[in-house]
Amino acid sequence: MDTALLIVILLTGFYMAWNIGANDVANAMGTSVGSGALTLRGAVILASILEFSGAFFFGSHVSKTMQSGIINADLFANDPRILVYGMLAALAAAGLWLQIASYYGWPVSTTHSIVGAIVGFGAVVGGLEAIYWKKVAFIISSWILSPILGGILGYYIFSMLRKKIFYALNPLEAARRLTPYIVFVVVSVLALVLVFEGLRNLHFDLSLMQKGFLTLGMALLGAGISYLLVRRIAPQRQTVLAPVSSSYGEDVTHSLERARKHLQKVSTSTSGELQYHVGLLVEEVKGIEQTIQQKSEVNINRSEYLKVEKIFGYLQIMSACMMAFAHGANDVANAIGPLSAAVAILTTGIYAVDAPVPTWALALGGVGIVIGLATWGWRVIETIGKKITELTPSRGFAAEFGAATTIVLASRLGMPISTTHTLVGAVLGVGFARGLEAVNLTTTRDIIISWLVTVPLGAIIAIVLFYPIRAIFG
Amino acid sequence: MLTILSLFGRSPFAPLQSHMEFVAKCVHCLPDLFDALERKDYDRVEKLSEEISNLEHDADLIKNDIRNHLPKSLFLPIDRGNLLEILSIQDSIADKAEDVAVLVTLKPLELLPIFKEEFKLFLHKNIETFDEARLIVKELHELVESSFGGMEAAKVRSMVDLVAFREHEVDVIQRRLLKSSFNAEDQCNYISFHLWQKLFENIAAISNLSENLAYRIRMTLDLK
C-alpha cells in the first residue's frame, strides 16, 4: 500500500510541476516571442534551461517554507501519516482547482491554491494551533506586496529608460551608451543569486571574497560583451542622423550644423553688441537648418526608435531568462514542497522539521516543469506571443526586469508568491509611467476576486479530498 | 493563466488615426466639389456631396466605435478627456466638410469671377492647414513610442506652430476674400450672397478646427 501511496504522491507532485510548466512559463517568454526578440523554439529551449536551473539551484528556500513552514508538524508526531495524506490532499486539491479555473479562464494563482489547501487541511485536521499563523500572515502580506513592489520597480525602470533614452536628443546613441550599464545590473542580480545561493546545491565552497569577485567578474564580462555587440549593431551614426534630404546633400546639413556650432561658440565667448548680432545670426542659421531638416526628420525618428527597440530586443532576452529563472525558483515549491514533506515521512516514518529539501525532489520538479513546457507550454507561449503585440521590447524589458527582481527577492526570503500577479503589477507600473497604449485596469479587480475565492476554495477542496484519501490508504 | 493577456486593452490610437484618414477623405473631396461648381456641372456637385456625406458617416462609425471601447477602467498614457476631445475635433472637421457639401447643393451657385481666384487660394490654404494637422495625428504612433516626450515631442511642437501659422495665413486671405465678395453687390442676389458667406464661414472653420486639434495634441505632450 505504501508503494502505491508513494507513486500517487510522486505522480500528483509531478502533475503539479507539469501544470506550472504548461501554464505559467508563458508569462516569462510570451512577451519576448511576441516582440520578435526570440523565436518560439529559442524561447522554449532557453526557458527549459533556466526554469530547470532556477528550480534546482534556487528552489529550496520556498520549498522549505511549503514543506515545513506552514504546518506545525509536532502536533502530528503521534501519527505523521496524517500529514502525508494531508499533503497529498493539498496537492490534489490545488491541481483540481487549477484545472477548473483554467477551464473557465479565471486568473487563478497556483501558489494561492496550494497555500490555501495546506492551511485548510492543517487547520481542520490538526486544529487551529497546527498552523504557524504568523508565517501565513507573512506569506499573505507578500502576496500583496509583491505586485506592488513589481509595479514600483517597473515604473521606475521604465521612467529611467524614458528619461535617458526616449527623451534623449539622439535615442539610439543614448541606448547604445546605456546598454552596458543595464547589462551590468541585470547580470549582477542574476550572478548574485547564482553564486551566493545556487552553488550550495552543487557543494562548491567559496569564500565571501571569491563570491564577490566572481559576481563582479560575470557582470563585467556581460557588460563588456554587450558593449562590443552594441557597437556592431549600429556602427554608423552619420547616416542615421543626417540622411540625404530631398534637395540637399548630407554634407550641406553637416556644414550648416558646424557653422551653427561655431557661431554659438562665438556668441558665448563675446559680450555686448557683438553677442547680440551673433545671436541673431545663430537664430537665422537655426531657422535654415530646420527648414532643410523638417522633411527628412520624420523618417529619421522612425528608424531610430526601431533601432532602439532592436537593442532592447536583446536586453529583453536577458530579462526573460531572468524571469524564467525566478519563476522556476519560486513556483517549483508549489509542487515540490508538499511532495518532499510527504515523501520524507513516508520513507523515514518520522517528520524532521529541519530536513532540507532533497535535491532529487527539486530536480524532479524542474524536469516536470520542462516537460510541461515542452508538451503544452509552448502553445500558451505562442498564444500570448501572438496576442501581446503592445509590449515592445523596451516595455517588456522594464516589466520583466522589475518582476523578476521582485520574485528573486521573494524566493530568497522563502516567500511563495504568485509570479503572474507580480508580472501584472510590473506591467501596470510600466503603464503608469506612460509606457503602454491602453492598460485594462479591470484585470486588477479580477485578480483580487480570484485571491478571495482561491484560498478558501483550495482549503475546502483539500479538506474534502483528505477524508477519502485517508480512507483508501489508511 | 492568460491573465497577462487581459491586461492589454484595446488601444484607441490606431482607430483615432484611421478616423482621421476618413476625415481627410471628406476634406479632400472639397476641391473637386468646387471644380465641378465652377464648371456648373451640378450633377457632379450633387454626386460629390453625397460621397462626402457617406464618408462622414463612415467616420462617425469609427468615432462611435472608439467611444464605445474607451471605458473608465482603461488606463491611457494621455488624459482620457484630451483623447475624446481630439476625436471630437476631428469629427467636427468632417462635419464642417459635410456642411459645405450640403450648402453647395441647396441652390445652383455660380463662382463669381470677382472672388474666384481668392476663393481658390482660400480653399487651398484651408486644406493645407488641415493636412499639416493631419501630419501631427500621423505622428501619434511615434509619440506613443517615445511616451509623449523628447525629440519627438519637440518635433510635434514645431509642427503645431506651423499649423498655427497656416491658420493665420488663412485669416489674412479670408479678409481679402470677404472684401471682394462684398464688392460683388451688383453681380449676385442676396440669397446667393448669403449662401457664399455661409460657405466661407464653414470652410474657414476647417482651418480653425485644425488649429484647435493641433493645440489639443500639444497639450498631451509631456512638459519637462
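The listed protein sequences derive, respectively, from chains A and B. Numbered continuously in this note's numbering, the first sequence closes out at residue 474. Numbered continuously in this note's numbering, the second sequence closes out at residue 1224. Ideal Cβ placement from N, Cα and C applies to all residues, glycine included.
Counting C-beta pairs with one atom in each stretch, the stretch 82 to 101 of chain A and the stretch 389 to 409 of chain A have fewer than three that are closer than 8 Å, which means they do not touch. Residue state for A:ILE71 is assigned as strand, using DSSP reduced to three classes. Taking a C-beta cut-off of 7 Å against chain A, the contacting residues of the stretch 1077 to 1095 of chain B are PRO1077, listed in chain order. Burial check for A:GLY372: the Cβ neighbour count within 10 Å reaches 16 or more, so the residue is buried.
Approximately 10 Å separates the beta-carbon atoms of A:THR419 and A:PRO147; this is outside 8 Å, ruling out the contact. Under a 10 Å Cβ-count criterion, A:TRP360 is classified as exposed, with fewer than 16 other Cβ atoms of the shown protein chains found around its own Cβ. Shown here is that no member of the stretch 1115 to 1134 of chain B has a Cβ falling below 7 Å from a Cβ of chain A. In terms of Cβ geometry, A:VAL308 and A:SER394 form a close pair [threshold 9 Å]. Taking a C-beta distance under 9 Å as the contact criterion, A:ILE20 and A:GLY368 qualify as a contact pair. By the neighbour-count criterion, in which 16 or more other beta carbons inside 10 Å mark a residue as buried, B:GLN1090 falls on the buried side. Taking the Cα positions, A:LYS64 is about 26 Å away from A:LEU46. Comparing alpha carbon positions, the residue from A:GLY366, A:GLY429, A:ILE448 closest to A:PHE52 is A:GLY366. With its beta carbon less than 9 Å from one in chain A, B:ILE1004 belongs to the interface. Across the structure, B:ASP1043 and B:LEU1037 are spaced so that their CA atoms are roughly 10 Å apart. The C-beta distance from A:GLY151 to A:GLY429 rounds to 4 Å, short enough to fall under 8 Å. Counting along the chain, B:ILE1173 sits inside the alpha helix (DSSP H) bounded by residues 1150 to 1182. Here the stretch 1017 to 1027 of chain B lies against the stretch 1056 to 1074 of chain B, with 3 or more beta-carbon pairs under 8 Å apart. Taking 9 Å as the CB threshold, B:ARG1010 lines the interface with chain A.
One Cα belongs to A:PRO338, the other to A:ALA92, and the distance between them is close to 11 Å. For A:LEU11, the closest alpha carbon among the candidates A:GLN67, A:GLY95, A:SER411, A:GLY42 is that of A:GLY95. Under the three-pair Cβ rule at 8 Å, the stretch 182 to 192 of chain A counts as touching the stretch 218 to 235 of chain A. Contact annotation: A:GLY120 and A:PRO456 have beta-carbon atoms nearer than 9 Å. In this structure, the CA atom of A:LEU128 is about 12 Å from the CA atom of A:ILE70. According to the DSSP assignment, A:LYS64 belongs to the alpha helix (DSSP H) that extends over 60 to 64.
A straight line joining the alpha-carbon of A:ILE225 with that of A:TYR276 spans about 49 Å. Annotated as distal: A:HIS61 and A:GLU257, with beta-carbon spacing of 9 Å or more.
Along the stretch 154 to 166 of chain A, the positions whose C-beta sits under 7 Å from a C-beta of chain B are ARG162, PHE166, read in chain order. Per the C-alpha coordinates, the member of B:ALA1014, B:PRO1012, B:ILE1191, B:PHE1165 positioned closest to B:LEU1109 is B:ILE1191. The DSSP-derived three-state label of B:LEU1033 is helix. When CB distances to chain A are screened at a threshold of 7 Å, the residues of the stretch 1140 to 1151 of chain B falling below it are GLU1142, VAL1144, GLU1145, SER1146, SER1147, PHE1148, GLY1149, GLY1150, MET1151, in chain order.
For A:ILE461, the enclosing alpha helix (DSSP H) begins and ends at 442 to 473. Listed along chain B are GLU1142, GLU1145, SER1146, GLU1152, each with a C-beta nearer than 9 Å to that of A:TYR305. In this structure, A:VAL230 sits away from A:LYS211, with a CB-CB distance that is not shorter than 9 Å. Sequence-distant Cβ neighbours of A:GLU390 in its own chain, meaning closer than 8 Å and more than five residues away, are LEU436, GLU437, ALA438. In this structure, A:MET29 lies away from A:VAL8, with their beta-carbon atoms at least 9 Å apart.
Linking A:ASP24 to B:SER1092 through their CA atoms gives a straight-line distance of about 47 Å.
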